[in-house]
Amino acid sequence: MTTAAKIPPITMSKLYVGNLPNETSENSLRQLFLEQNLACTNILVKRGGYAFVDCPDQSSADRAIDKLNGVNFKGSVLVVEPSVASGRKKVHSAFPEPSSISVGGTWMRAGASGR
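So in my numbering, spot 61 of the sequence shown is number 69, and the numbers just go up one at a time.
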């Protein structure tokens with residue numbers, strides 16, 4: 009009998025950093041984290057004034073939120089909060105609900121009364 013190796017849980021936490029000045033680079037944002045003694049592993053700055061920052065664990069992410077949310081960075085007040093997945097794909101059933109059903113040999117729309 010063999011036992012499957014347990015996969016350790018993912019401990020990294022992702023932050024959303026919004027309201028960034030347009031000239032913000034990954035290096036300047038990393039410098040801000042370093043100046044505040046905050047750990048981050050990966051920074052991805054997106055056009056439109058926001059970024060995603062990976063922290064090594066939830067505790068580091070919470071500290072970053074506490075220290076940086078509302079801070080003035082190059083003339084902009086930062087919004088730092090947990091990143092949430094957007095646009096999760098809806099799981100479709102292999103058997104979609106029919107638009108009509110057969111009742112007693114007669115076809116009728118699903119949800120329609122049989123009277």
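Note that the Cβ used here is the ideal one computed from N, Cα and C, for glycine as well.
Quick caveat: nothing in here was measured; it's all calculated off a predicted structure.
Item: Cβ neighbours of N30 in the same chain (closer than 8 Å, five flanking residues each side left out); Value: G57
Item: Coil, strand or helix - D65 by DSSP; Value: coil
Item: Inter-stretch contact (C-beta, 8 Å, three-pair minimum) for the segment 58–69 and the segment 32–50; Value: yes
Item: Where L37 falls, given that 16 or more other Cβ within 10 Å makes a residue buried; Value: buried
Item: 7 Å Cβ shell around S84 - same chain, five flanking residues per side excluded; Value: N27, L28 and P29
Item: 7 Å Cβ shell around V88 - same chain, five flanking residues per side excluded; Value: L23, V25, A72, I73, L76 and N77
Item: Residue closest to S33, alpha-carbon to alpha-carbon, out of V79, L52, Q66 and L86; Value: L52
Item: Whole-angstrom C-beta distance between V79 and L86, which should lie under 8 Å; Value: 5 Å
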